[in-house]
Amino acid sequence: MDIARNPTSIPGNPELADAAVEPAAPETIRRLDYTPPAWLVPEIALDFDLGVELTKVRATLKVERNPDAAADQTLHLCGDNIAVMELLVDGKPAEGWSMSGSNLLLPLAGERHEVTVETHLHPATNSQLMGLYASNGMLCTQCEAEGFRRITFFPDRPDVLSRYTVRMSGPKAEFPILLSNGDCTASGEGENGTHWAEWTDPWPKPSYLFALVAGDLVARTDTFTTMNGRKVDLAVWVRPGDEDRTEHAMRSLINSMKWDEEAFGREYDLDTFNIVAVSDFNMGAMENKGLNIFNTRYILADPDTATDGDFDAVEGVVGHEYFHNWSGNRVTCRDWFQLSLKEGFTVLRDQMFSADMGSEPVKRIEDVRILRAAQFPEDSGPLAHPIRPDSYQEISNFYTATVYNKGAEVIRMMHTMAGPERFRAGSDLYFERHDGEAATCEDFVKAMEDGAGLDLSQFRLWYEQAGTPRVTVALKHDAAAGTVTLDVKQLVPPTPGQPVKKPMPIPLKIALFDRDTGSHDGERTLNITKAAESFTFGGFAKPPVLSANRGFSAPIQLESEATDADLQFLAAKDDDSFARYEALQQLFTRELLGAVEGGPDETRRAAIVEAMAAVIDDRAIDDMMRGELMMLPAINFLIELAAPADPVALHEARERLKAYLGTRLRDRLTALHDRASTIPYSLEADSRGARKVKTQALILLAAADVAETAKRAETQYRAADNMTDRQGALAVISGLDVPARGELLADFHARYAGNALVIDKWFAIQASALRSDVLDAVEALAGHEDFTMKNPNRVRALYMTMAGNPSAFHDAGGRGYRMIADLVLALDPINPQTAARFVPWLGRWRKIEPVRAELMRAELMRMAAVKSLSKDVREQVTKSLDTSA
Ligand code: B3K
Ligand code: ZN
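Taking this note's numbering, the leading residue of the sequence shown gets 55, the next gets one more, and so forth.
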């Protein structure tokens with residue numbers, strides 16, 4: 055490593071060390087370069103003297119040589135944007151230390167030492183929201199992945215586990231509540247209106263799980279008694295005034311704790327569990343041991359301000375962070391390449407939890423929709439990576455749909471192959487074997503092999519190879535033999551750095567339906583292992599209808615030769631809800647892709663109307679499922695299939711199909727809306743289902759009859775006693791050219807003034823409107839007094855929504871692309887992590903028709919030419935432009 059290259063790193067000179075450090079050329083970190091840490095830190099004591107402008111931190115590390123590592127005399131401590139104010143070794147001023155870039159190198163002669171370092175932080179100006187920062191006057195931390203090094207010098211890597219003792223003191227009036235990980239072990243009053251608290255976490259943890267919160271907070275409290283009788287004090291901390299919106303979060307927490315005991319045998323392990331909600335947060339939430347910190351968006355919910363979708367998101371994220379207590383905290387990751395070890399598994403766990411709390415089939419459809427809209431494009435684009443990546447420059451860029459959602463699908467396949475009992479045996483063994491360790495994906499796979507009795511040798515490819523396998527199925531009937539043969543072929547497309555792929559093992563669930571009886575002879579799981587394979591089944595005098603990848607048993611792109619009649623049959627008869635949904639989606643997809651190529655297909659359109667009418671009429675399905683079945687595929691998914699795509703042509707074809715359905719099904723949709731409107735508000739499934747179909751009906755009707763639907767939507771808006779109905783109606787109206795539009799948008803803004811989360815909705819509703827003037831609106835909203843670049847939720851509400859609105863983002867003149875690039879450049883110096891999240895939208899240029907593709911690429915080049923780009927944005931821009939893949 056390069057030591058002391060510039061005057062800022064003169065050892066022992068805090069004044070100079072505080073000066074800006076030249077950004078180093080981005081270094082690529084490789085998975086195979088892993089080496090164990092030379093020094094361990096079994097204990098750390100942190101002492102915070104808190105202030106929003108200045109916080110002083112004194113860290114005392116007990117360090118000892120790692121017997122399992124190569125001998126190294128030098129202790130390497132990571133730092134980022136911090137300076138050494140004082141450095142002691144065993145109580146005496148340290149000697150011979152130096153800086154290497156922003157890291158501290160300290161030569162140590164003995165086997166164990168005590169190292170004390172003081173740093174000074176400026177939370178008020180920390181706009182990156184990593185490390186210790188101020189949000190609305192409170193102090194909070196975010197350390198994953200590499201934020202702890204912005205607080206103190208430390209071996210900031212997940213395989214160094216330490217016992218933490220934290221003492222903090224500060225003005226009591228400003229920070230009446232002082233929280234950290236573990237349990238509060240002492241507290242008291244200090245001088246001059248200060249007070250202090252000491253928190254001890256008995257569980258060794260990596261630095262990324264450290265957390266501290268200080269501020270004026272109020273709590274909803276409750277208790278939970280674990281399966282072995284431990285009484286846990288629970289608290290959800292929010293700003294005064296928000297406490298009435300925490301009931302659902304608390305209920306979700308209690309449900310999560312109970313569920314993890316029952317479903318996975320996992321018990322909570324401290325006397326305290328605290329959740330804190332903060333408004334300025336880079337992502338959804340963070341699983342810090344015993345002190346989860348959340349984006350307010352995933353905590354605050356009540357019927358007036360949160361939609362049913364928001365309620366579900368709160369439940370899912372509260373569950374997710376809680377489940378990390380075992381899958382992430384008790385068993386953590388050896389290095390950041392293993393991120394999916396905790397994230398993929400925990401997403402699967404939260405999906406299973408939400409399915410158990412609500413409707414399993416509906417949850418499955420929602421999860422697949424997210425995977426297809428977010429992960430499939432990633433997997434087929436320039437940023438494609440395996441769920442266990444091989445290299446990175448900035449780890450923050452790898453908190454992706456691939457690591458999270460595809461990671462969950464991969465473990466779900468193990469669940470499918472093993473069955474629930476054996477899967478549970480595998481997960482029990484994993485937790486037992488690796489409790490207290492920093493583990494690898496390989497450890498998980500091995501535990502599943504040993505505990506669940508699976509042979510996963512070929513299956514490991516799912517961790518190694520990127521790209522969504524394309525699987526083609528074709529059914530051949532032999533009337534004479536009474537057999538049917540299924541030919542299955544697979545192709546894993548090339549991805550950056552992986553030009554040639556091996557065939558993947560794929561558990562493919564199928565059923566063969568009798569056309570006459572509408573039933574099948576049982577579901578089969580085929581274990582596909584080769585590039586081409588055939589399976590023959592007897593007992594078929596007549597050709598059956600194939601239902602394939604039932605339940606979305608594998609994260610693949612399936613292509614079949616099913617006729618429209620087959621799809622219509624499955625859409626009406628399939629007993630697997632996902633397969634039924636999928637058959638309809640395929641019908642829609644064929645029609646939309648065909649319409650762009652050569653105009654609508656009248657026969658197919660008629661079949662779609664018939665299928666949709668059957669869905670609306672079917673009393674055997676509940677409204678939650680009906681609402682799912684009524685949704686047309688998202689443009690961002692269609693772009694994948696049409697590549698190179700004309701997104702606006704696809705969007706227009708989709709609008710025309712909506713209008714066609716709205717016209718042909720007008721009476722049914724009106725009746726559906728009327729029926730659903732009579733069901734009173736509650737959080738029960740029938741009431742939620744009613745709200746879902748109401749909005750779906752309005753969406754289709756609006757495309758057919760603007761004036762009539764606007765009236766209907768306005769009535770829904772004005773009568774609404776809940777946010778789902780109000781937002782659903784407003785979103786429909788905001789896409790229409792009607793007088794009520796401006797009035798209702800203004801009403802919404804005035805009604806919820808001061809409620810940040812609802813004002814986010816107000817921005818998002820306008821940015822998602824399917825209107826030709828949406829970019830003008832976005833530009834105007836960027837200048838609105840409620841807009842700020844400092845709050846990631848607000849930035850995402852406006853710009854992430856616009857980027858996901860194909861008719862806006864793909865504006866023919868390239869204005870949408872330009873606006874996103876401008877945003878990235880403006881946001882990068884403030885918050886690089888959030889800025890980098892916008893780059894992949896432009897990175898999809900290869901999927902888009904050549905004229906727009908060139909405009910997208912030009913914006914990437916414009917960004918690439920900016921010298922001061924952060925490491926985060928630089929990596930995404932460079933990879934998005936790379937044509938070598
Ligand atoms: N583990 C955190 C994510 C941290 C992201 C840092 N850039 C939230 C979660 O997945 O639970
Ligand atoms: Zn997570």
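Using N, Cα and C, we set each Cβ at its ideal position, and we do this for glycine too.
My assumption, with CB atoms under 8 Å, is that E315 sits in contact with T277. Please give the rounded CB distance.
Translated into positions along the sequence shown, residue 315 becomes position 261. Translated into positions along the sequence shown, residue 277 becomes position 223. In fact, because the Cβ distance is near 15 Å, the residues do not count as touching under 8 Å.
Determine the extent of the alpha helix (DSSP H) in which I753 is found, giving its start and end residues.
Here residue 753 refers to the residue found at position 699 of the sequence shown. A739 to A758 is the extent of the alpha helix (DSSP H) around I753.
Measure the alpha-carbon distance for D497 versus A148 and round it to whole angstroms.
Taking the first residue of the sequence shown as position 1, residue 497 is located at position 443. Taking the first residue of the sequence shown as position 1, residue 148 is located at position 94. C-alpha separation (whole angstroms): 40 Å.
Using CA atoms only, rank isn't needed, just tell me which of V220, S261 and P256 is closest to S241.
Here residue 241 refers to the residue found at position 187 when the sequence shown is read from its first residue. Answer by Cα proximity: V220.
Those residues, in chain order, that have a beta-carbon closer than 5 Å to some heavy atom of the ligand ZN:
E397 and T400
Please go through the same chain and pick out, in chain order, the residues whose beta-carbon is closer than 7 Å to the beta-carbon of E929, but skip the five residues on each side of it.
Counted from its first residue, the sequence shown places residue 929 at position 875. P80, Q447, E448 and N451, listed in sequence order.
Below 6 Å CB to CB, which residues in the same chain sit around S234 once its five sequence neighbours on both sides are set aside?
By 1-based counting over the sequence shown, the position of residue 234 is 180. V220, W253 and L266, listed in sequence order.
By Cβ distance below 7 Å, which residues in the same chain neighbour T526 in space, the five residues on each side in sequence not counted?
The sequence position of residue 526 within the sequence shown is 472, counting from 1. Closer than 7 Å at the Cβ level, and outside the excluded window around T526, lie K543 and E613.
The ligand B3K and E198: does the residue's C-beta get closer than 6 Å to at least one heavy atom of that ligand?
Indexing the sequence shown from 1 puts residue 198 at position 144. Yes, since a heavy atom of the ligand B3K falls inside the 6 Å radius drawn around the Cβ of E198.
Is there at least one non-hydrogen atom of the ligand B3K closer than 6 Å to the beta-carbon of M340?
Translated into the one-based positions of the sequence shown, residue 340 becomes position 286. Because some heavy atom of the ligand B3K lies under 6 Å away, the Cβ of M340 counts as near it: yes.
In this structure, does DSSP put F377 in helix, strand or coil?
Residue 377 sits at position 323 when you count from the first residue of the sequence shown. The three-state secondary structure of F377, taken from DSSP, is helix.
By the three-class DSSP mapping on this structure, what secondary structure does K396 have?
On the sequence shown, residue 396 is found 342 positions in, with the first residue counted as 1. In this structure, K396 counts as helix in the three-state DSSP scheme.
Rounded to whole angstroms, what's the CA-CA distance from T326 to D489? Just pull it up for me.
As a working mapping, residue 326 is identified with position 272 in the sequence shown. As a working mapping, residue 489 is identified with position 435 in the sequence shown. Cα-Cα distance, rounded: 20 Å.
Counting only the same chain and skipping the five closest in sequence on each side, list residues whose C-beta sits under 6 Å from that of H727.
For the purposes of this step, residue 727 is taken as residue 673 along the sequence shown, with counting starting at 1. Counting only Cβ-Cβ distances below 6 Å, and skipping sequence neighbours, we find K748 and A751.
Which first and last residues belong to the alpha helix (DSSP H) in which Y187 is found?
The sequence position of residue 187 within the sequence shown is 133, counting from 1. Unbroken run through Y187 is the beta strand (DSSP E), G185 to S189; no alpha helix (DSSP H).
Helix, strand or coil for P553? Go by DSSP, reduced to three states.
Counting from one through the sequence shown, the residue named residue 553 turns up at place 499. Note: P553 maps to coil in three-state DSSP.
Specify the secondary structure class of I813 as computed by DSSP and reduced to three states.
The residue given as residue 813 occupies position 759 in the sequence shown. Correct three-state label for I813: helix.
Cβ of G592 within 7 Å of Cβ of T537?
By one-based count along the sequence shown, residue 592 stands at place 538. By one-based count along the sequence shown, residue 537 stands at place 483. Yes, the Cβ-Cβ distance between G592 and T537 is below 7 Å.
Proximity test, M854 beta-carbon vs the ligand B3K heavy atom, cut-off 6 Å:
What you label residue 854 is simply residue 800 of the sequence shown in a count that begins at 1. No, the ligand B3K has no heavy atom inside 6 Å of this Cβ.
Hey, is Y453 close to the ligand B3K, as in C-beta under 6 Å from one of its heavy atoms?
Here residue 453 is taken as the residue at index 399 of the sequence shown, counted from 1. Yes; taking the cut-off as 6 Å, the Cβ of Y453 has a heavy atom of the ligand B3K nearer than that.
Measuring only the C-alpha atoms, how far is E651 from R906?
Stepping through the sequence shown from its first residue, residue 651 is reached at position 597. Stepping through the sequence shown from its first residue, residue 906 is reached at position 852. Those two C-alpha atoms are separated by around 18 Å.
Measure the beta-carbon distance from W899 to R911 and round it to whole angstroms, keeping in mind my assumption that it falls under 8 Å.
Counting from 1 along the sequence shown, the entry for residue 899 is found at position 845. Counting from 1 along the sequence shown, the entry for residue 911 is found at position 857. A Cβ-Cβ distance of about 5 Å is found for the pair W899 and R911, placing them in contact under the 8 Å criterion.
Does DSSP put L271 in a helix, a strand or coil?
Taking the sequence shown and counting its residues from 1, one reaches residue 271 at position 217. L271: coil per DSSP, three-state reduction.
Just list the alpha helix (DSSP H) runs in the stretch 331 to 392, keeping only unbroken ones of 4 residues or longer that don't cross its boundaries, in chain order.
362 to 377
Can you name the start and end residues of the alpha helix (DSSP H) that R471 belongs to?
Along the sequence shown, read from residue 1 onward, the residue named residue 471 stands at position 417. It is Met, not Arg, that sits at residue 471 in the sequence shown. Unbroken alpha helix (DSSP H) run through M471: G461 to H488.
Taking contact to mean at least 3 C-beta pairs separated by less than 8 Å, is the stretch 471 to 482 in contact with the stretch 411 to 428?
Too few Cβ pairs lie closer than 8 Å, so no.
To the nearest angstrom, how far is it from the Cα of T179 to the Cα of A125?
For the purposes of this step, residue 179 is taken as the residue at position 125 of the sequence shown. For the purposes of this step, residue 125 is taken as the residue at position 71 of the sequence shown. Their backbone Cα atoms lie some 40 Å apart in a straight line.
S181: CB within 6 Å of a non-hydrogen atom of the ligand B3K:
Along the sequence shown, read from residue 1 onward, the residue named residue 181 stands at position 127. Because no heavy atom of the ligand B3K lies under 6 Å away, the Cβ of S181 does not count as near it: no.
Pair within 7 Å by beta-carbon distance, A862 and L811
Reading the sequence shown from its first residue, position 808 is the one you call residue 862. Reading the sequence shown from its first residue, position 757 is the one you call residue 811. Not closer than 7 Å, so no.
Give the DSSP-derived three-state secondary structure of L537 in the structure shown.
Sequence index remark: in the sequence shown, residue 537 carries index 483 (1-based). For the sequence presented, residue 537 should be read as Thr rather than Leu. Three-state result, T537: strand.
Please state the DSSP three-state secondary structure of A823.
The residue given as residue 823 occupies position 769 in the sequence shown. Taken through DSSP and simplified to helix, strand or coil, A823 comes out as coil.
Identity of the residue in K343, W291, M337 and P177 nearest P256 by Cα:
The sequence position of residue 256 within the sequence shown is 202, counting from 1. When only C-alpha atoms are compared, the closest one is K343.
Rounded separation between R418 and C495 - CA only:
Mapped onto the sequence shown, residue 418 falls at position 364. Mapped onto the sequence shown, residue 495 falls at position 441. So the two alpha carbons sit approximately 24 Å from each other.
Contiguous alpha helix (DSSP H) assignments of at least 4 residues, all confined to the stretch 689 to 717:
689 to 696
Under 7 Å between C-beta atoms of V950 and F102
Residue coverage of the chain in this structure runs from 55 to 939, which leaves residue 950 outside it and unanswerable.
Would you mind working out which of R388, D677 and M917 sits nearest P90, comparing C-alpha positions?
For this step, residue 90 is matched to residue 36 along the sequence shown. Of R388, D677 and M917, the residue nearest in Cα terms is R388.
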